[in-house]
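**Q** Numbered according to numbering that gives the first Met the number 0, the sequence shown spans residues 0 to 255.
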Amino acid sequence: MIKKILVIALISMSFTFVTDRTTLYVIGDSTVRNTTSQKPDALWGWGSIIQDYFDSTKLSVSNQAMAGRSTRTYLKEGRWDKVMSTLKAGDYVMMQFGHNDGAKPDTSKAGYRGVIRGVGEDSVVLNWNDGKQEIVHTYGWYIRKFVRDTKAKGATPIVCSFIPRNDWKDGKVIRPKNNFGQYAEEVAKQEGAFFIDLNTITADKYDAMGQEAVKPLFPKEHTHTSYEGAKINAESVIDGLKKLASCKLNDFLKMK
0 MIKKILVIAL ISMSFTFVTD RTTLYVIGDS TVRNTTSQKP DALWGWGSII
50 QDYFDSTKLS VSNQAMAGRS TRTYLKEGRW DKVMSTLKAG DYVMMQFGHN
100 DGAKPDTSKA GYRGVIRGVG EDSVVLNWND GKQEIVHTYG WYIRKFVRDT
150 KAKGATPIVC SFIPRNDWKD GKVIRPKNNF GQYAEEVAKQ EGAFFIDLNT
200 ITADKYDAMG QEAVKPLFPK EHTHTSYEGA KINAESVIDG LKKLASCKLN
250 DFLKMK
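1) To the nearest angstrom, how far is it from the Cα of GLY228 to the Cα of LEU216?
2) Does PHE16 come out as helix, strand or coil in the three-state DSSP assignment?
3) Can you list, in chain order, the residues of its chain with a C-beta nearer than 8 Å to that of LYS81? Leave out the 5 residues immediately preceding and following it.
4) Give me whichever residues DSSP pairs with ALA134 in a beta bridge.
5) Given ILE10, which residues of its chain have a CB within under 8 Å of its CB, disregarding the five upstream and five downstream residues?
6) Would you grab the beta carbon distance between PHE161 and GLY97 for me? Rounded to a whole angstrom, and I think it's under 8 Å.
7) Could you tell me the alpha carbon to alpha carbon distance between LYS258 and LYS131, rounded to whole angstroms?
8) I need the boundaries of the alpha helix (DSSP H) containing PHE217, first residue and last residue.
9) Can you look up LYS230 in the DSSP assignment and give me helix, strand or coil?
10) Is the Cβ-Cβ distance between THR30 and HIS221 less than 8 Å?
11) Going by C-alpha to C-alpha distance, which of ASP206, GLY170, ALA207, ILE157 sits closest to GLU185?
12) Mind checking who THR155 pairs with in its DSSP beta bridge?
13) Mapping the DSSP letters down to three states, classify ILE200 as helix, strand or coil.
14) Could you tell me the alpha carbon to alpha carbon distance between TYR226 and TYR205, rounded to whole angstroms?
15) Answer yes or no: the CB of ASP19 versus the heavy atoms of the ligand SAM, is any distance below 7 Å?
16) Hey, could you find the ends of the alpha helix (DSSP H) THR72 is sitting in?
17) Name the two residues that bound the continuous beta strand (DSSP E) containing PHE194.
18) Check ILE48 in the structure and name its three-state DSSP category.
19) Per the DSSP calculation, LEU23 is bridged to which residue(s)?
20) Out of MET93, GLY170, GLY180, point me to the one whose CA is closest to ALA154's CA.
21) With distance defined between alpha-carbon atoms, name the residue in ALA202, ASN126, ARG71, ILE26 nearest to ARG116.
22) Report yes if the C-beta distance between TYR52 and ILE231 is below 8 Å; otherwise report no.
23) Are the beta-carbon atoms of TYR24 and TYR73 separated by less than 8 Å?
Following this line, the structure appears as C-alpha cells:
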C-alpha cells in the first residue's frame with residue numbers, strides 16, 4: 000500500500016513539473032513557422048528552430064505562429080485566445096508580424112488580412128457579405144493588445160521587427176523605414192516591452208555575407224527561407240535577446 004502511494008506521489012510530482020515549466024510562446028506568420036519539411040527546397044520559420052538554443056529541461060517553446068496570418072487575422076481567428084487560455088505568470092510571448100499586414104483593409108481577397116498602418120487608435124468598420132461587421136485597427140493597436148494581454152497574465156512580452164526579405168539595392172539589403180518594423184519598435188517603447196530589432200540584426204549579417212551568398216537562403220522567392228536561413232534568423236533572435244540584459248529569458252539559454 001505504501002509503495003502504491005509513493006508511485007502515485009511521484010507521478011503527481013512529475014506532472015506538476017511538466018505543467019509548471021516556463022513556456023516561451025512564439026506568435027507570428029510563416030516566416031516564424033513553416034513546413035519544416037526535409038526537402039532541399041523546404042521553407043522554414045525561425046520559431047521551429049529556436050528551442051535548440053534554450054535548456055529544454057527548464058523552458059518549453061510553444062510555436063503558435065501560423066502561415067499567412069497578419070496581426071488582424073491572428074486575433075480574429077481566435078489564435079490569440081488559444082495562447083491566452085494556457086499562458087501563465089512567468090511565461091514569455093515573443094511576437095513577429097508585418098509580412099501580411101500591408102494591404103489596405105477591406106473584405107476582398109487581397110485586403111482581408113490588411114490593417115491600418117501606424118500605431119494610433121484609428122479604425123475602420125467593414126461590412127461582410129454575411130451581414131457581420133468587423134472593426135479593423137492599426138498594426139500598433141494589435142501589437143499593443145498582444146503586449147497588454149501578456150502583461151495582464153503576469154507574463155513577459157518581447158516584440159520583434161519582421162525578418163528582412165531578399166531584396167537588395169546598391170549591394171545592400173533594403174531595410175523598411177516608416178513601416179511595420181518601426182511600428183513594432185514604437186509600440187514596444189510605449190508599452191515598456193522588450194524589443195528585438197530582428198530586421199536590422201539579420202540585415203547586417205546579409206550585408207556582410209553579400210547578395211550572392213544570401214540568395215540560396217531563399218529557395219523559392221524573396222520572403223521565406225530555407226532551414227539555413229531560418230537558423231540565421233533564430234541566431235539573430237538570440238543575439239538580440241542577449242542585448243536585453245534585464246530580460247530573464249536569458250537565464251534559460253544553453254550558452255550565455
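All C-beta atoms, glycine included, are put in the ideal place defined by N, C-alpha and C.
**A** Once the coordinates are examined:
1) Taking the straight line joining both Cα atoms gives about 5 Å.
2) Reliability of the predicted coordinates at PHE16 is poor, the pLDDT of 38 falling under 50, and the value obtained from them is presented with this limitation in mind. In this structure, PHE16 counts as helix in the three-state DSSP scheme.
3) Result list for LYS81: GLN63, in chain order.
4) The sequence shown places Ile at residue 134, rather than the Ala named in the question. Note: ILE134 sits in a beta bridge opposite VAL124.
5) The pLDDT assigned to ILE10 is 35, lower than 50, so where the model puts this residue is not dependable, and the model offers no usable value.
6) 4 Å
7) It is not possible to answer for residue 258, since the shown part of the chain is limited to 0 through 255.
8) Per DSSP, PHE217 belongs to no alpha helix (DSSP H) and is neither H nor E.
9) In this structure, LYS230 counts as helix in the three-state DSSP scheme.
10) no
11) ILE157
12) TYR91
13) helix
14) 15 Å
15) Among the ligands in the structure shown, none appear at all, so the ligand SAM cannot be discussed.
16) THR72 -> alpha helix (DSSP H) spans 70–75.
17) First-last of the beta strand (DSSP E) with PHE194: 193–195.
18) coil
19) VAL60, TYR91
20) MET93
21) Residue ARG71 is the option with its Cα nearest to ARG116.
22) Contact: no.
23) no
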